[in-house]
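Participant: Residue numbers (UniProt numbering): 1 to 109.
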Amino acid sequence: MSENAHTPDLTIAQFSHDIDDAARTRAERMDGKLLLVTNVQDLKPEEVVSRYKSLADIERGFKVLKSELEIDPVYHRLPARIRAHTAIRFAALILHRIMRSRLRASHAD
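1. Ordered along the chain, which non-local residues of its own chain (more than five positions away) have a Cβ less than 8 Å from that of Val49?
2. Indicate the three-state DSSP secondary structure (helix, strand or coil) for Thr11 in the structure shown.
3. Give the range of the beta strand (DSSP E) segment to which His17 is assigned.
4. Identify which residue in Thr7, Arg26, Thr11 has its Cα closest to the Cα of Asp18.
5. Determine whether the beta carbon atoms of Val64 and Leu43 lie at a separation below 8 Å.
6. What alpha helix (DSSP H) runs, 4 residues minimum, are completely inside the UniProt domain "Transposase IS4-like" (26–95)?
7. Apart from the five residues just before and just after Ala52, which ones in its own chain have a Cβ nearer than 7 Å to its Cβ?
8. What did DSSP end up calling Ser2 once you bin it into helix, strand or coil?
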């Protein structure tokens with residue numbers, strides 16, 4: 001039977017389907033969960049989760065760069081100006097993260 005919980009029968013003119021209860025049970029057990037798979041065998045599960053969360057934090061940083069700090073698009077002609085513009089925006093991202101971290105810490109007290 002298919003991995004999908006719903007298996008339609010398309011060989012007849014009238015539509016009908018069966019529900020694979022085993023597949024449905026497997027799907028329900030995984031509902032709301034994230035499965036992390038790695039090929040690095042010397043990491044503890046906690047470290048895998050920590051690195052995954054770090055990746056998500058990096059991706060949020062790029063989102064901030066592109067949206068809140070408006071790094072894209074850059075209309076400079078000279079490479080030095082493009083690098084300077086990017087460095088300023090990156091410094092703004094670092095400042096943004098420091099301020100966010102300190103704000104969270106002040107609310108935790």
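Every residue, glycine too, gets a C-beta built ideally from N, C-alpha and C. This structure is a prediction, so every number in the text was calculated from the model and none was measured.
Facilitator: Looking at the coordinates:
1. Locating residue 49 in the sequence shown gives position 49, counting from the first residue. Once the five neighbours on either side are set aside, the close Cβ partners of Val49 are Leu36.
2. Translated into positions along the sequence shown, residue 11 becomes position 11. Coil, per DSSP.
3. Here residue 17 corresponds to residue number 17 of the sequence shown, with the count starting at 1. First-last of the beta strand (DSSP E) with His17: 16–19.
4. The residue labelled residue 18 in the question sits at position 18 within the sequence shown. For the residues Thr7, Arg26, Thr11, the minimum Cα distance to Asp18 belongs to Thr7.
5. Position 64 of the sequence shown, counted from the first residue, corresponds to residue 64. Position 43 of the sequence shown, counted from the first residue, corresponds to residue 43. In this structure, Leu43 does not lie closer than 8 Å to Val64 by Cβ.
6. 45–66
7. Mapped onto the sequence shown, residue 52 falls at position 52. Here the sequence assigns Tyr to residue 52, which means Ala is not the residue at that position. Contacts found: Leu36.
8. Within the sequence shown, residue 2 is the residue found at index 2, counting from 1. A caution first: Ser2 carries a pLDDT of 48, below 50, which makes its placement in the model too unreliable to give a value.
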